[in-house]
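For what it's worth, our numbering labels the leading residue of the sequence shown as -3, then goes sequentially.
Cβ coordinates follow ideal geometry from the N, Cα and C atoms, glycine included.
Quick caveat: nothing in here was measured; it's all calculated off a predicted structure.
Accompanying notes for the structure given below.
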Amino acid sequence: MQHFLEYLGTLLHLVGMLLFVGGHIWFGFLTALTERRQDRDGARFLATQLPFMATVFGVGVLLLFGSGVLRLFVWGEPGLIFLPDPYGWLLLSKLVLYMIIVVNGVLIERRYLPYVFQEYPGVSGAGTDLRLTAAWAQVKVRARLNLLLLLIVVALGEALRYSRL
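Here's what the structure looks like:
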């Protein structure tokens, strides 16, 4: 049973990393492309997909956290109890960074996402156009900050792997 749980934890961790880290990398890449080409339709498409992306990122965080807790239970590592040990400090650092990432993501979702678009009268006068507002710039800056923090968490995860050798 322990081998199955360890395999399941690893699988969930990989899927969580794929959703969370991979999603942030793709979002950053596509955002940079739309900025470089001054593609308003591309930026509008990305902005309309942000609520879906936020949900996918949230699922990724939950999978990463759940698989990490599962690994702690399977391996029986005390983690935070032994803070003088490098393993405990690395684990605490990862948890604090995850909390900062989640708070920043919630801030993006609650404060900026509702204001990314503003309706303007259409050129023909028949309908309305959706235009990006200044909140879009804040979303991009905060998403890039999350990507940077996420890459630090991945590096700490690799250090965590070798801290017990």
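Mark residue i as exposed unless 16 or more other C-beta atoms lie within 10 angstroms of its C-beta, in which case mark it buried.
i, result
"F0", "exposed"
"L4", "exposed"
"Y158", "exposed"
"A133", "exposed"
"L10", "exposed"
"F23", "buried"
"G18", "exposed"
Spatial neighbours of residue i within its chain, please: C-beta separation below 6 Å, excluding the five flanking residues on both sides.
i, result
"S89", "L152"
"A155", "L86"
"L46", "L109"
"A50", "E105"
"R67", "G5"
Whole-angstrom Cβ separation of residue i and residue j, contact assumed at under 8 Å?
i, j, result
"F69", "Y94", "Not really, about 18 Å apart at Cβ, beyond 8 Å."
"V135", "V112", "6 Å"
"L128", "R40", "7 Å"
Going by the DSSP bridge assignment, what does residue i pair with across the sheet?
i, result
"Q34", "DSSP, once it has assigned bridges, lists no residue as partnering Q34."
"F25", "DSSP, once it has assigned bridges, lists no residue as partnering F25."
"Q114", "R127"
Skipping 5 residues on each side, what residues in its chain have a beta carbon closer than 8 Å to that of residue i?
i, result
"L14", "G56"
"G54", "G101"
"A139", "H20, F23, G24, T27 and I104"
"L141", "N100"
For residue i, which residues from the same chain have a beta carbon less than 7 Å from its beta carbon, with the 5 sequence-adjacent residues on both sides left out?
i, result
"I96", "L145"
"A43", "V112, F113, L128 and W132"
"E2", "V70"
"V98", "V57"
"S63", "G5, L8, H9 and G12"
For residue i, would you say it is in contact with chain D, using Cβ-to-Cβ distances shorter than 8 Å as the test?
i, result
"Q134", "Of the protein chains in this structure there is only one, and it is not chain D."
_3 or more residues per run - each beta strand (DSSP E) lying fully within the stretch 35 to 110_ = none
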